[in-house]
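Novice: With the sequence shown counted from 1, adding 129 to any position gets you the working numbering.
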Amino acid sequence: MTRILLTTDDLAPSNIEGQFEFWDKLWKKHKNFQLLAFTTANWNFRLPKKSKFRGNNSILREDFIEFCNKRKNWLLIAYHGLTHEVAESTLPLQDQQKSIKEMLSIFHKFSQKFKGEIVPAYKPPFYRFNSDALNICKDSGIRYFFMQDGILDLQTYNFFRRNDIHLIDSHTNPRAQSVKDGKTISAPDRIDFLYERLDKFLSNQNAWENFIR
Ligand SMILES: [Zn+2]
């Protein structure tokens with residue numbers, strides 16, 4: 130069976146609700162894909178003041194590890210920053226080194242309890258980064274750097290253009306938006322729209338479409 134690799138962003142303990150029902154539902158119906166989930170080590174971006182995750186949103190939470198282990202056969206974890214602050218991957222060299230080091234150390238601890246796979250791939254929050262980010266990631270053993278228009282292999286410097294490899298990003302964060310028939314749509318319409326497209330796609334793999342995240 131050919132397995133399709135889909136990706137999503139912003140996996141963090143606080144973001145599961147309202148986002149992951151989507152993937153569970155899709156998995157229940159189609160077992161021919163794996164999900165590469167760009168995960169934030171300790172999400173701290175726009176958390177509501179009353180959120181129970183404030184100050185306690187690390188991927189090392191027991192409930193989060195349990196959540197990931199239950200899905201270990203199809204959920205692949207990749208890196209998506211330390212806190213998901215806007216400028217994280219555009220910081221000056223030393224600050225960025227510190228933040229990537231801290232991110233990797235949290236993921237390292239996570240890997241000792243997570244029974245699935247961690248892929249050495251990194252997507253900078255908001256796709257914003259400077260050249261320091263590329264060098265630090267390379268020096269830290271991260272191989273695949275995800276950019277808006279494709280993936281850079283930091284070992285060979287091959288660049289895989291999004292359209293050439295049919296890279297499907299499906300941003301299921303309920304706060305994200307899509308364009309449908311020229312109109313911007315938000316959740317819940319957007320989530321239904323994405324589900325419909327992925328459902329159709331996974332049912333007929335020849336029907337490549339130009340997916341819009
Ligand atoms: Zn993100």
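Every residue, glycine too, gets a C-beta built ideally from N, C-alpha and C.
Take N292 as the anchor and find which of S307, H300, M276 has the nearest alpha-carbon.
Specialist: Selected option, being the one with the closest Cα: M276.
Novice: Check whether the stretch 198 to 213 and the stretch 134 to 146 are in contact - that is, three or more C-beta pairs closer than 8 Å.
Specialist: Because the criterion of three Cβ pairs below 8 Å is met, the stretch 198 to 213 and the stretch 134 to 146 touch.
Novice: Can you give me the Cβ contacts of F149 inside the same chain, cut-off strictly under 7 Å, excluding the 5 residues immediately before and after it?
Specialist: The answer is none, since no qualifying residue turns up.
Novice: CB of P142 to nearest heavy atom of ligand 1: below 8 Å?
Specialist: Answer for P142: no, Cβ out of range of ligand 1.
Novice: For ligand 1, I want to know if F255 counts as a neighbour, meaning its beta carbon is within less than 8 Å of at least one of the ligand's heavy atoms.
Specialist: True, at least one ligand heavy atom lies under 8 Å from that Cβ.
Novice: Taking 7 Å as the limit between beta carbons, can you name the residues of its chain near R290, skipping five residues before and five after?
Specialist: Once the five neighbours on either side are set aside, the close Cβ partners of R290 are D278, G279.
Novice: Among F258, K238, G184, whose alpha-carbon lies nearest the alpha-carbon of G210?
Specialist: Of F258, K238, G184, the residue nearest in Cα terms is F258.
Novice: Thinking T169 and H213 are a contact (beta carbons under 8 Å), I'd like their distance in whole angstroms, please.
Specialist: Correct: roughly 5 Å between the Cβ atoms.
Novice: Output needed for D282: all residues of its chain with C-beta closer than 7 Å, excluding positions within five of it in sequence on either side, in chain order.
Specialist: These residues qualify, in order along the chain: R272, Y273.
Novice: Could you tell me the alpha carbon to alpha carbon distance between N173 and S180, rounded to whole angstroms?
Specialist: Each residue's Cα considered, the two are about 11 Å apart.
Novice: Should A216 be labelled buried (16 or more other beta-carbon atoms within 10 Å of its own) or exposed?
Specialist: Exposed.
Novice: T313: beta carbon under 8 Å from a heavy atom of ligand 1?
Specialist: No - ligand 1 has no heavy atom lying nearer than 8 Å to the Cβ of T313.
Novice: Taking Y324 as part of the beta strand (DSSP E), name the residues at either end of that continuous run.
Specialist: Taken as a continuous stretch (DSSP letters only), Y324 belongs to no beta strand (DSSP E), being part of the alpha helix (DSSP H) at 318 to 332.
Novice: Which residue's Cα is closest to the Cα of G147: D268, I320, L164, E246?
Specialist: Nearest option by C-alpha distance: I320.
Novice: Any heavy atom of ligand 1 within a distance shorter than 8 Å of the CB on H213?
Specialist: H213: yes, Cβ under 8 Å from ligand 1.
Novice: Using the Cβ count rule (16 or more neighbours within 10 Å means buried), how would you classify F288?
Specialist: The residue in question, F288, is exposed, as its Cβ has fewer than 16 Cβ neighbours within 10 Å.
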